[in-house]
Structures are given as structure tokens and as C-alpha cells.
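No gaps in the numbering here: position 18 of the sequence shown is 18 in the UniProt record's numbering, and each next residue is one more. A virtual CB, placed ideally from N, CA and C, is assigned to each residue, including glycine.
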Amino acid sequence: MILNACSTKPINPPILCPQTATCGDVNLQIHTNKDLAQALLKTQNMLQFCLLENNALKQCIDDFNKKEK
């Protein structure tokens, strides 16, 4: 028989997932139609990168939660 006061709580391991710090605003200076087109491409590329980063983080957390069950 184990007494609760005498036992220690199990230590939960930390979630080891990649840090996400690169997803953010795109610095844009639009003066011409060319600038506008380039800004659109930069923004679309950043959005794709952010989606990829976000999905990787979600997958990492889901995998961790499955291991804990």
C-alpha cells in the first residue's frame, strides 16, 4: 500500500517541438505595379511557410499527446 503523502507526483516530460519564430510580417514598400506584384508573391510565400510551420507544430503536439495515452 502506497500512501499519497509519501509518494511523489510523476514528472511529465516536456513537449519537444520545433520553435516557431520565423513566421511573421512581410516588410513591403509598394510604389509601382511591379512592387505590388512582388509584394503579392512575398506575402503568398510567407503564408505558405506559416501554414507549413503551423502544421508541423500541430503534428508534433498531436504525436506527443498520442504517446502520453
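Asked                                                                                                                                  : Found
Round the Cβ separation of CYS60 and PRO13 to the nearest angstrom and send it over; I've been treating them as touching at under 8 Å. : Incorrect: roughly 13 Å between the Cβ atoms, too far for contact.
GLN48: which of LYS58, CYS23 and GLN38 sits nearest, CA to CA?                                                                         : CYS23
If you draw a straight line from the C-alpha of LYS58 to the C-alpha of ASN65, how long is it?                                         : 11 Å
In this structure, does DSSP put THR43 in helix, strand or coil?                                                                       : helix
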